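Protein sequence lines, in the order shown, are assigned to chains F and D.
To convert, take the position in the first sequence, counting from 1, and add 1237; that gives this note's numbering.
To convert, take the position in the second sequence, counting from 1, and add 932; that gives this note's numbering.
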Amino acid sequence: MSDPVPQEAAVQDRAPGTVHNERGSVITYLAGLGFAVVLTLASFWASDSHAVWAPAVPILLAVLAVGQMGVHVVFFFHISSGPDDTNNFLALAFGIFVVALVVFGSILIMSNLNANMMPMDQLMQMQR
Amino acid sequence: MSSTNALTSPVDREDQIAISERGPASREVVAGFGFWLFLLSDIVIFGALFAAYAVLAGRTAGGPDGLELFDKGNVLIETMCLLASSFTCGLCSLAIERRNAPLTYLWAAFTFALGAVFIGMEITEFIHMIGEDAGPDRSAFLSAFFTLVGTHGLHVTVGLCWFAVMMAQVATLGFRDAVVRRLLCLTLFWHALDIVWVGVFTIVYLGAHYV
């Protein structure tokens, strides 16, 4: 308690994975582990069980996976939307944007090419 | 800095100084942020591999498909190993914050052991698949599978080596600033592997039904 200034000065920026108040961090990691285990078990259960309407299962799996990634980011990386976290948060948002472009763009383009490709037997005939 | 500024709290002073006139951020923040950017770019690489897998997952060229090859029980155990190792890695970073060397070694050892179990199970799975003539040369699906899962496994292996190196550094150099920064980066790296694995088990192993 002798010099509160250096601690408070850290408000301006924060490295990912670090926390200010050390207390409660074990609780944070425990909560993260609990959420992650529950979401994982839910994913494995949903892929096997017939309790969920079958066409909805892939969407449910995607939602559970995104939720679990969010749990990891919040409880293990300690990324928040607070003012001392702006840089980390913006970098994360840009990363998600690029990943989404690459993944969905590739799938869209490749399925479009696949749909427009000439059937294989016709292609073989043309080559003769 | 002691009594003259008693009226203005540090937070107020922060707000009064323009961002451009504040000094540079501490080295911990710069190193952490830089490594965060590296991790995000690493995840972009994985994004490209995921895209390749999603496009090629159905192209089995008459060979075995995912449903025949994958053992979900094994994958669940692997996942639990990684999750538990992420938790022990978090406890390790708390021990590092308190500069507690014995606890740091203990939790790092747990993390290392769980990671080693994970990588052992994955290598066993790969050897088994290659033995069944389902290696990466069999079909486009299997090429994409081995590239994606193998790259993740390679990252885990690098993380294990990094853990060994860092524990040696804690033993010889102690908790000096540079070592603590490297340990921060290592724990971030380990947590990032877990995030990628969530994508792997969902898309590759559980998604095998929907190819």
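Where is the CB? At the ideal position from N, CA and C, for every residue including glycine.
This one's a predicted model, so the numbers in the text were calculated from it and none came from an experiment.
Give the straight-line distance between the Cα atoms of residue i and residue j, rounded to the nearest whole angstrom.
i: Ala-1291 (chain F); j: Asp-1003 (chain D); result: 21 angstroms
i: Cys-1013 (chain D); j: Val-1310 (chain F); result: 19 angstroms
i: Pro-1356 (chain F); j: Leu-1074 (chain D); result: 24 angstroms
i: Phe-1107 (chain D); j: Ile-1028 (chain D); result: 8 angstroms
i: Pro-1068 (chain D); j: Phe-1331 (chain F); result: 33 angstroms
i: Ala-1283 (chain F); j: Val-1143 (chain D); result: 17 angstroms
i: Leu-1154 (chain D); j: Ala-1273 (chain F); result: Nothing about residue 1154 (chain D) can be reported from this structure: the residues present for chain D run from 933 to 1143 only.
i: Ala-1302 (chain F); j: Glu-953 (chain D); result: 42 angstroms
i: Arg-959 (chain D); j: Leu-1001 (chain D); result: 48 angstroms
i: Ala-957 (chain D); j: Asp-1065 (chain D); result: 54 angstroms
i: Leu-988 (chain D); j: Ala-1103 (chain D); result: 47 angstroms
i: His-1315 (chain F); j: Ile-975 (chain D); result: 18 angstroms
i: Phe-978 (chain D); j: Gly-1307 (chain F); result: 17 angstroms
i: Trp-1129 (chain D); j: Arg-991 (chain D); result: 23 angstroms
i: Ala-986 (chain D); j: Ser-1318 (chain F); result: 32 angstroms
i: Leu-1360 (chain F); j: Asn-1351 (chain F); result: 13 angstroms
i: Met-1098 (chain D); j: Ile-1346 (chain F); result: 44 angstroms
i: Asn-1349 (chain F); j: Gly-955 (chain D); result: 52 angstroms
i: Leu-915 (chain D); j: Thr-1083 (chain D); result: With chain D covering only 933 through 1143, there is no way to say anything about residue 915 (chain D).
i: Ile-1333 (chain F); j: Thr-1255 (chain F); result: 21 angstroms
i: Arg-1031 (chain D); j: Gln-1101 (chain D); result: 14 angstroms
i: Tyr-1033 (chain D); j: Ser-1286 (chain F); result: Checking the sequence shown, residue 1033 (chain D) turns out to be Ala, not Tyr. Approximately 46 angstroms between the Cα atoms of the pair.
i: Val-1300 (chain F); j: Ala-1288 (chain F); result: 17 angstroms
i: Leu-1338 (chain F); j: Asp-1322 (chain F); result: 24 angstroms
i: Val-1132 (chain D); j: Gln-1364 (chain F); result: 40 angstroms
What is the DSSP secondary structure of residue i, counted as helix, strand or coil?
i: Phe-967 (chain D); result: helix
i: Met-1099 (chain D); result: helix
i: Phe-1107 (chain D); result: coil
i: Met-1053 (chain D); result: helix
i: Met-1363 (chain F); result: helix
i: Glu-960 (chain D); result: helix
i: Arg-1114 (chain D); result: helix
i: Ser-1071 (chain D); result: coil
i: Pro-1034 (chain D); result: helix
i: Gly-1221 (chain F); result: Because residue 1221 (chain F) is not part of the residues shown, which for chain F are 1238 to 1365, the question remains open.
i: Gly-1254 (chain F); result: coil
i: Ser-1280 (chain F); result: helix
i: Met-1012 (chain D); result: helix
i: Thr-936 (chain D); result: With a pLDDT of only 45 at Thr-936 (chain D), under 50, the local geometry of the prediction cannot be trusted, and the value read off the model is given with reservation. Of the three classes helix, strand and coil, the one that applies to Thr-936 (chain D) here is coil, per DSSP.
i: Phe-1002 (chain D); result: coil
i: Pro-1356 (chain F); result: coil
i: Asp-1285 (chain F); result: helix
i: Asp-1126 (chain D); result: helix
i: Ala-1247 (chain F); result: With a pLDDT of 43 at Ala-1247 (chain F), under the threshold of 50, the predicted position of this residue should be treated as unreliable, though the coordinate-derived value follows. Ala-1247 (chain F) falls in the helix class under three-state DSSP.
i: Asn-1324 (chain F); result: helix
i: Glu-1064 (chain D); result: coil
i: Ile-977 (chain D); result: helix
i: Pro-1241 (chain F); result: Because Pro-1241 (chain F) carries a pLDDT of 47, less than 50, the predicted location of this residue cannot be relied on, and no value is offered for it.
i: Trp-1290 (chain F); result: coil
i: Ser-1318 (chain F); result: coil
i: Ala-989 (chain D); result: coil
i: Pro-996 (chain D); result: coil
i: Val-1300 (chain F); result: helix
i: Val-1336 (chain F); result: helix
i: Gly-1342 (chain F); result: helix
Give the C-beta separation of residue i and residue j to the nearest angstrom, bearing in mind that I take them to be a contact with Cβ-Cβ under 8 angstroms.
i: Cys-1146 (chain D); j: Thr-1036 (chain D); result: Residue 1146 (chain D) is absent from the structure shown; chain D starts at 933 and stops at 1143.
i: Ser-1253 (chain F); j: Trp-1094 (chain D); result: As written in the sequence, residue 1253 (chain F) is Pro, which differs from the Ser given in the question. Actually they do not touch by this definition, with Cβ atoms about 17 angstroms apart.
i: Phe-1281 (chain F); j: Leu-1138 (chain D); result: 7 angstroms
i: Leu-1125 (chain D); j: His-1087 (chain D); result: 6 angstroms
i: Leu-1270 (chain F); j: Phe-1121 (chain D); result: With a Cβ gap of about 18 angstroms, Leu-1270 (chain F) and Phe-1121 (chain D) do not count as contacting.
i: Ile-1009 (chain D); j: Met-1053 (chain D); result: 7 angstroms
i: Arg-1070 (chain D); j: Gly-1022 (chain D); result: Wrong, their Cβ atoms sit about 39 angstroms apart, outside the cutoff.
Please say whether residue j and residue i have beta carbons closer to each other than 8 angstroms?
i: Asn-1325 (chain F); j: Phe-970 (chain D); result: no
i: Leu-1329 (chain F); j: Leu-1118 (chain D); result: no
i: Gln-1305 (chain F); j: Thr-1277 (chain F); result: yes
i: Leu-1080 (chain D); j: Val-1136 (chain D); result: yes
i: Ala-993 (chain D); j: Ala-1072 (chain D); result: yes
i: Val-961 (chain D); j: Arg-1251 (chain F); result: yes
i: Gly-1085 (chain D); j: Ile-1051 (chain D); result: yes
i: Ser-1017 (chain D); j: Thr-1056 (chain D); result: no
i: Gly-998 (chain D); j: Ala-1140 (chain D); result: yes
i: Leu-1026 (chain D); j: Val-1263 (chain F); result: yes
i: Leu-1105 (chain D); j: Val-1111 (chain D); result: yes
i: Ile-1344 (chain F); j: Ala-983 (chain D); result: yes
i: Phe-1312 (chain F); j: Ala-1268 (chain F); result: yes
i: Leu-1298 (chain F); j: Thr-1134 (chain D); result: yes
Under the criterion of a Cβ to heavy atom distance below 7 angstroms, does residue i qualify as lining the ligand PLP?
i: Gly-1082 (chain D); result: The ligand PLP is absent from the structure shown, which contains no ligands of any kind.
(message) By the 9 angstroms beta-carbon criterion, what residues does the region 959-973 of chain D contribute toward chain F?
(response) Glu-960, Val-961, Val-962, Ala-963, Gly-964, Phe-965, Phe-967, Trp-968, Leu-969, Leu-971, Leu-972 and Ser-973
(message) Tell me which residues of the region 1094-1114 of chain D have at least one Cβ-Cβ distance to chain F shorter than 7 angstroms, keeping chain order.
(response) none
(request) Give the residues from the region 982-1000 of chain D that approach chain F closer than 7 angstroms (Cβ to any Cβ), ordered along the chain. (result) Within the region 982-1000 of chain D, the residues whose Cβ lies closer than 7 angstroms to some Cβ of chain F are Phe-982, Ala-983, Ala-986 and Val-987, listed in chain order.
(message) Please identify, using Cβ separations under 7 angstroms, the residues of the region 1333-1362 of chain F that lie next to chain D, in order along the chain.
(response) Val-1335, Val-1336, Val-1339, Val-1340, Ser-1343, Ile-1344 and Met-1347
(request) Taking a Cβ distance cut-off of 9 angstroms, strictly less, list which residues of the region 1265-1298 of chain F are near chain D, in chain order. (result) Thr-1265, Tyr-1266, Leu-1267, Gly-1269, Leu-1270, Ala-1273, Val-1274, Leu-1276, Thr-1277, Leu-1278, Ser-1280, Phe-1281, Ala-1283, Ser-1284, Asp-1285, Val-1294, Pro-1295 and Leu-1298
(request) Could you list the residues in the region 1028-1059 of chain D with a C-beta less than 9 angstroms from some C-beta on chain F, going in chain order? (result) Glu-1029 and Arg-1030
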